[in-house]
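Enquirer: Can you keep this structure in mind? I'll have questions shortly.
Chains as they are written, first to last, in the working numbering: chain A, 6 to 116; chain B, 11 to 122.
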């Protein structure tokens, strides 16, 4: 099993550009999550999904959108990139509310 | 927004020392408490998921205890080794939702 995979690993965006961060898991987990890591702030939940077709906002959803059309994929969309969205983004998955498995992260810089 | 606090923020110990740190969380509507280990430049990895008051879990030299009535969990590392250097995160979830709320982490550095 590859586990949770994320692409790209690194990206630099200009202010106002858009992009999609990809996340795929091959563990047949029903729950998937997007977090951002800010220095000294730990992990903050952006969006999560408890199954295909269902998504919910986390603590910091503004400026982001998600979709969950399949069990495996949970892409995160940034529509109008802002410097405040410079961060490391982690995707995770779990079976129900059990331990979460994290992807390797995407480092995004918005300038 | 739920408040999950970890202390200390950082800790330097010598190889061979035993150490412990604390996670505090709301004691009402408790569902589960998670501990994760996060090495620099890697992703968080689950250590324990604890659900019952009085739970004690152990993995090698690392163990954890849980007190849901007073809202705290301790993580213990016996005989710290340099490879234990990492940030240790706790995360809390309650009966009201499906989200994990993470604490800010305790950064442990073990000197050889």
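No residue lacks a Cβ here, since even glycine has one placed at the ideal position from N, Cα and C.
Chain B partners of residue 109 of chain A, CB-CB under 9 Å?
Expert: Near residue 109 of chain A (Cβ distances below 9 Å), the residues of chain B are 52 and 53.
Enquirer: As a quick exercise: from B:40, B:43, B:55 and B:44, pick the residue whose alpha carbon is nearest that of residue 3 of chain B.
Expert: The question about residue 3 of chain B has no answer here: the residues shown for chain B are numbered 11 through 122.
Enquirer: Chain B beta carbons: is any one of them nearer than 8 Å to that of residue 36 of chain A?
Expert: Taking Cβ atoms only, chain B reaches closer than 8 Å to residue 36 of chain A, which makes this a yes.
Enquirer: Among A:79, A:10, A:18 and A:28, which one has its Cα closest to the Cα of residue 57 of chain A?
Expert: With distances taken between Cα atoms, residue 57 of chain A lies closest to A:79.
Enquirer: Can you give the Cα-Cα distance for residue 101 of chain A and residue 50 of chain A, rounded to whole angstroms?
Expert: About 16 Å.
Enquirer: Could you say if the segment 61 to 71 of chain A and the segment 97 to 112 of chain A meet the contact criterion of at least three C-beta pairs nearer than 8 Å?
Expert: The segment 61 to 71 of chain A is not in contact with the segment 97 to 112 of chain A.
Enquirer: Our contact map puts residue 53 of chain B next to residue 15 of chain A with C-beta atoms below 8 Å; I'd like the distance itself, whole angstroms only.
Expert: Not really, about 15 Å apart at Cβ, beyond 8 Å.
Enquirer: Could you tell me how far apart the beta carbons of residue 79 of chain B and residue 20 of chain B are, in whole angstroms, since I believe they sit closer than 8 Å?
Expert: No, residue 79 of chain B and residue 20 of chain B are not in contact; Cβ-Cβ is about 29 Å, not under 8 Å.
Enquirer: Does any residue of chain A have a CB that is nearer than 8 Å to the CB of residue 103 of chain B?
Expert: Residue 103 of chain B counts as touching chain A.
Enquirer: Consult DSSP for residue 92 of chain A and reduce its assignment to one of helix, strand or coil.
Expert: Note: residue 92 of chain A maps to strand in three-state DSSP.
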